[in-house]
Structures are given as structure tokens and as C-alpha cells.
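Below is one structure, written out as C-alpha cells; the observations come after it.
Numbering (the working numbering), first residue to last: 9 to 185.
Written out as C-alpha cells, the structure is:
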């Protein structure tokens with residue numbers, strides 16, 4: 009695992025061989041192995057009420073005194089959600105991933121995307137809000153990868169077989185049951 013300069017992590021678990029570039033902020037998130045997270049990414053930054061509360065200021069709904077004072081006698085709003093990021097996920101620069109989102113294994117999040125909804129495994133999403141562009145592979149190949157789970161293989165297997173991961177067609181042909 010590698011964590012770049014000026015990065016902030018709070019209540020976050022990170023899997024093996026995942027790297028974070030610089031200026032990444034991640035809160036309340038579980039990240040799988042072999043993920044690549046580019047610079048200036050914000051994951052799980054918290055939530056504010058927007059529908060029923062007359063004010064979005066935490067001074068009126070939170071006991072944590074973010075404003076230096078609170079008027080609330082208890083927390084009236086769920087401020088933080090959890091984010092789950094699968095294995096082998098690539099997150100481009102300047103991406104925002106909102107709370108309570110799950111990113112499936114093998115997904116790619118295009119630079120500058122704002123992710124507000126779950127992302128399916130091996131989906132490529134782009135834009136604001138992020139929308140599905142296409143899948144990285146054919147359905148049968150995705151099903152194979154989700155069952156094969158190469159990211160759980162031990163160090164010896166990875167060392168011996170890493171070149172198998174260079175070509176999806178060859179990988180499926182070699183290891184399909």
C-alpha cells in the first residue's frame with residue numbers, strides 16, 4: 009500500500025497493493041486490494057440535510073460542534089455513510105464519491121466524475137453525475153473474473169502468473185473450469 013502526500017484517512021480500511029496519489033481524502037470507507045486512486049479524490053465526505061431541515065448548518069442537527077457551537081441536544085441527521093470500493097478499481101483524478109455508495113470490483117471511475125449511486129462490477133462510469141458508459145469486458149468474462157477472484161491469490165501465485173493478467177481472453181481460456 010502506498011499513500012501520497014497531503015492525504016487524509018478517517019475510519020478507512022485499505023487492501024493490499026492499493027495506492028493513493030496525493031491530496032486524497034477518504035472517510036468511512038473500505039477499499040479492496042489492487043486499487044489505483046488518483047490525485048484530488050474525495051470519498052465519503054459526509055452529508056447535509058437538504059429536504060426537510062430549514063437550515064443545512066450542522067449547528068442545528070449535530071452535537072459535534074463543527075461550527076464551534078451546537079444548539080442541538082442530540083444528532084438529528086445521519087451525517088456520515090459508508091463507502092465500499094471493490095478490488096482492482098481505478099479512480100481517476102478529481103473524483104468525488106458520495107456516502108453510502110458501493111463501487112464493484114474492476115470498475116473504472118473517469119476523471120472528474122461525481123459518483124452518487126452504486127457502480128456495478130467492471131463498469132466504466134463518467135460525468136457529473138456519473139453515468140454508466142460501458143462495461144470493460146463481455147458478460148462471460150466479467151462472470152469469470154468475479155468467480156476467479158485473482159486479487160485473493162497469494163503472493164506466490166501472483167509472482168508466477170502475473171503475465172496471465174495481461175490479456176483477458178487468455179486468462180479466461182487458461183483458468184476457466
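For glycine and all other residues, C-beta sits at the position ideal for the given N, C-alpha and C.
Every value quoted in this text rests on a predicted model; they were computed, and no experiment measured them.
Any idea which residues DSSP pairs residue i with across the strands?
i	result
residue 166	None; residue 166 has no bridge partner.
residue 140	133
residue 63	None; residue 63 has no bridge partner.
residue 38	21, 92
residue 50	33, 104
residue 44	27, 98
residue 150	Answer by DSSP bridge pairing: none, since residue 150 is not bridged.
residue 1	No information on residue 1 is available, as it lies outside the stretch 9 to 185 that the chain covers here.
For residue i, does the three-state DSSP call read helix, strand or coil?
i	result
residue 177	helix
residue 20	strand
residue 171	helix
residue 71	coil
residue 27	strand
residue 124	coil
residue 78	coil
Using 8 Å for Cβ pairs, my map puts residue i next to residue j. What's the rounded Cβ distance?
i	j	result
residue 40	residue 97	7 Å
residue 70	residue 83	6 Å
residue 194	residue 79	Any property of residue 194 remains undetermined from this structure, which presents the chain solely from 9 to 185.
residue 91	residue 52	4 Å
residue 121	residue 134	6 Å
residue 118	residue 132	7 Å
residue 88	residue 36	5 Å
residue 145	residue 95	Wrong, their Cβ atoms sit about 15 Å apart, outside the cutoff.
residue 180	residue 152	5 Å
### Query
Okay, do the region 38 to 51 and the region 20 to 29 touch, 3+ Cβ pairs below 8 Å being the bar?
Short answer: they touch.
#### Entry: Length-filtered (3 minimum) beta strand (DSSP E) runs lying within the region 87 to 113
DSSP runs (the beta strand (DSSP E)) wholly in the region 87 to 113: 91 to 93.
### Task
Indicate whether the contact test is met: 3 or more Cβ pairs, each with one atom in the region 115 to 134 and one in the region 155 to 166, closer than 8 Å.
Verdict: no, contact absent.
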